[in-house]
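Participant:
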Amino acid sequence: MPGTQLNSVQTAALSAGIDLDALPTHVAIIMDGNGRWAKSRGLARLLGHREGYKTLRSVLLNASELGIKYLTVYAFSAENWRRPKDEVDGLMALIERAARDELRVMHRNNVKVRVAGRMDDVPTSLRNALEDGIQTTQHNTGIVFTLAVNYGGRAEIVDAIRDIVATGTEPEDVTEELVAAHLYNPDIPDPDLMIRTAGEMRWSNFLIWQAAYAELFVTDVSWPEFGLKQLLSGVAAFQHRTRKFGGLTE
Ligand code: FPP
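Numbering-wise, the sequence shown is residues 1 to 250 according to my numbering.
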């Protein structure tokens, strides 16, 4: 990018060998390992989530400065309700606090907030905080930051099918494009890069439709310890992959 003033994150990216003109457009993150991080330090699991919140705050700003256009994070899965009530309540409270406390900073940084998930089943106060964030930042033009809350990939596909069936669509008119158009955020492009922390090699029902061709980057680092270095490693790994989308390379 000759002639452009680079910020510190972009400078670090260049030093890490990253091509700033070939960044993934949409990065999705499975923020795993908060519990293990806490346990290994003899701390309560919720302290791990609290630390994870701090990580998320800095990763969002780093991704934005780097020039990523869309960031989606798995904050609470549809399956996380199975955890002990204390942890569920603590996570809900933490996400709500984050949504409220970070709104001003996100707005100042031109972040556009979105959500993905079955919002009807999310506690009213959290839903209100998220809706407030979406409303306040709706005209922002910077990074689109999607919080997946009460999100399940299969549930999302089921919800899309329900919508399609309700319109009386004929079976032969059901196409991939039609299904995609009925997902929670049809205007957001599919993720190019899916990052998972804490070493597990699974999708865990996250964006299973949209991530069909995403490059997967798994790091052993737990989410509370994830930082710019790991984000750049993920982007660098992405840039070294050859994306074929089922076809052949030239
Ligand atoms: C996975 O760690 C993480 C979660 C289930 C929740 C992610 C939540 C945060 C990062 C907290 C803050 C979020 C927001 C949006 C402010 P785990 O508990 O599954 O870890 P483990 O596998 O080591 O037990």
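Note that CB positions come from ideal geometry on N, CA and C, so glycine has one too. None of the values given here were measured: they were computed from a predicted structure.
On the DSSP letters alone, give me the boundaries of the alpha helix (DSSP H) that Phe238 sits inside.
Facilitator: Reading the sequence shown from its first residue, position 238 is the one you call residue 238. Here the alpha helix (DSSP H) through Phe238 covers 228-240.
Participant: Tell me which residues share the same chain as Asn62 and place their Cβ nearer than 7 Å to its Cβ, disregarding the 5 neighbours each side in the sequence.
Facilitator: For the purposes of this step, residue 62 is taken as the residue at position 62 of the sequence shown. Cβ neighbours of Asn62 beyond the five flanking positions: Val9, Leu228, Leu231.
Participant: Touching or not, the segment 209-218 and the segment 189-196, by the rule of three or more beta carbon pairs under 8 Å?
Facilitator: As far as the Cβ criterion goes, the segment 209-218 touches the segment 189-196, which means the pair count is three or higher.
Participant: Is Phe245 buried or exposed, if buried means 16 or more other CB atoms sit within 10 Å of its CB?
Facilitator: Here residue 245 is taken as the residue at index 245 of the sequence shown, counted from 1. It counts as exposed.
Participant: To which residues does DSSP link Met194 through a beta bridge?
Facilitator: As a working note, residue 194 is residue 194 in the sequence shown. In DSSP, Met194 forms a bridge with Ala28, Leu216.
Participant: From this set, Arg162, Trp37, Pro24, which residue's C-alpha is nearest Arg241's C-alpha?
Facilitator: Taking the sequence shown and counting its residues from 1, the one referred to as residue 241 is at position 241. The shortest C-alpha separation from Arg241 is found at Pro24.
Participant: Can you determine whether any heavy atom of the ligand FPP sits closer than 7 Å to the C-beta of Gly153, and answer yes or no?
Facilitator: Translated into the one-based positions of the sequence shown, residue 153 becomes position 153. Outside the cutoff, so no.
Participant: Can you tell me whether Arg57 is helix, strand or coil according to DSSP?
Facilitator: Here residue 57 corresponds to residue number 57 of the sequence shown, with the count starting at 1. Helix at Arg57.
Participant: What separation, rounded to the nearest whole angstrom, lies between the Cα atoms of Val174 and Glu102?
Facilitator: In the sequence shown, counting from the first residue as 1, residue 174 sits at position 174. In the sequence shown, counting from the first residue as 1, residue 102 sits at position 102. Using only the alpha carbons, I get a separation of about 40 Å.
Participant: Could you give the first and the last residue of the continuous alpha helix (DSSP H) run that contains Gly126?
Facilitator: By 1-based counting over the sequence shown, the position of residue 126 is 126. Here residue 126 turns out to be Leu, not Gly, going by the sequence shown. Per DSSP, Leu126 belongs to the alpha helix (DSSP H) from 124-137.
Participant: Mind checking whether the beta-carbon of Ala75 lies closer than 7 Å to any heavy atom of the ligand FPP?
Facilitator: To locate residue 75, count along the sequence shown from 1; it is residue 75. Yes, the beta carbon of Ala75 sits closer than 7 Å to at least one heavy atom of the ligand FPP.
Participant: Between Tyr53, Gly17, Asp21, Leu20, which has its C-alpha nearest Asn34's C-alpha?
Facilitator: Locating residue 34 in the sequence shown gives position 34, where the first residue counts as 1. The option with the nearest alpha carbon to Asn34 is Tyr53.
Participant: If you draw a straight line from the alpha carbon of Asp187 to that of Ala116, how long is it in whole angstroms?
Facilitator: As a working note, residue 187 is residue 187 in the sequence shown. As a working note, residue 116 is residue 116 in the sequence shown. Whole-angstrom Cα-Cα distance: 12 Å.
Participant: Once you ignore the five residues that flank Val149 on each side, which residues in its own chain have a CB closer than 8 Å to its CB?
Facilitator: Your numbering for residue 149 matches position 149 in the sequence shown. Contacts found: Ala75, Phe76, Ile95, Val115, Ala116, Gly117, Met119, Val122, Leu126, Leu130.
Participant: Should Asp32 be labelled buried (16 or more other beta-carbon atoms within 10 Å of its own) or exposed?
Facilitator: Here residue 32 refers to the residue found at position 32 when the sequence shown is read from its first residue. Buried, since its Cβ has 16 or more Cβ neighbours within 10 Å.
Participant: Measure the CB-CB distance between Ser64 and Asn128 and report whether it falls below 8 Å.
Facilitator: One-based indexing of the sequence shown puts residue 64 at position 64. One-based indexing of the sequence shown puts residue 128 at position 128. No; because the gap between Cβ atoms is not below 8 Å, this pair is not in contact.
Participant: Give the straight-line distance between the Cα atoms of Glu225 and Ala38, rounded to the nearest whole angstrom.
Facilitator: Against the sequence shown, residue 225 aligns to sequence position 225. Against the sequence shown, residue 38 aligns to sequence position 38. Their backbone Cα atoms lie some 11 Å apart in a straight line.
Participant: Please write down, chain order preserved, every residue whose beta carbon lies under 5 Å from a heavy atom of the ligand FPP.
Facilitator: Going along the chain, the residues that qualify are Met31, Asp32, Gly33, Asn34, Gly35, Arg36, His49, Gly52, Tyr53, Ala75, Ile95, Ala98.
Participant: Go to Ser77, then tell me how far its beta strand (DSSP E) extends in each direction, as first and last residue.
Facilitator: Numbered from 1 along the sequence shown, position 77 holds the residue referred to as residue 77. Here the beta strand (DSSP E) through Ser77 covers 70-77.
Participant: Where Gly42 and Leu91 are concerned, what is the direct C-alpha to C-alpha distance, given to the nearest angstrom?
Facilitator: Numbered from its first residue, the sequence shown carries residue 42 at position 42. Numbered from its first residue, the sequence shown carries residue 91 at position 91. Straight-line Cα distance between these residues: approximately 19 Å.
Participant: According to the Cβ coordinates, are Gly152 and Ala78 closer than 8 Å?
Facilitator: Locating residue 152 in the sequence shown gives position 152, counting from the first residue. Locating residue 78 in the sequence shown gives position 78, counting from the first residue. Yes.
Participant: In angstroms with no decimal places, state the Cα-to-Cα distance between Leu14 and Val59.
Facilitator: For the purposes of this step, residue 14 is taken as residue 14 along the sequence shown, with counting starting at 1. For the purposes of this step, residue 59 is taken as residue 59 along the sequence shown, with counting starting at 1. C-alpha separation (whole angstroms): 18 Å.
Participant: If you count every other CB in all the chains shown that lies within 10 Å of the CB of Glu156, and 16 or more means buried, which is it?
Facilitator: The residue given as residue 156 occupies position 156 in the sequence shown. That one is buried.
Participant: When DSSP builds the beta bridges, which residues end up paired with Lys244?
Facilitator: Numbered from 1 along the sequence shown, position 244 holds the residue referred to as residue 244. BP columns for Lys244 are empty, so no partner.
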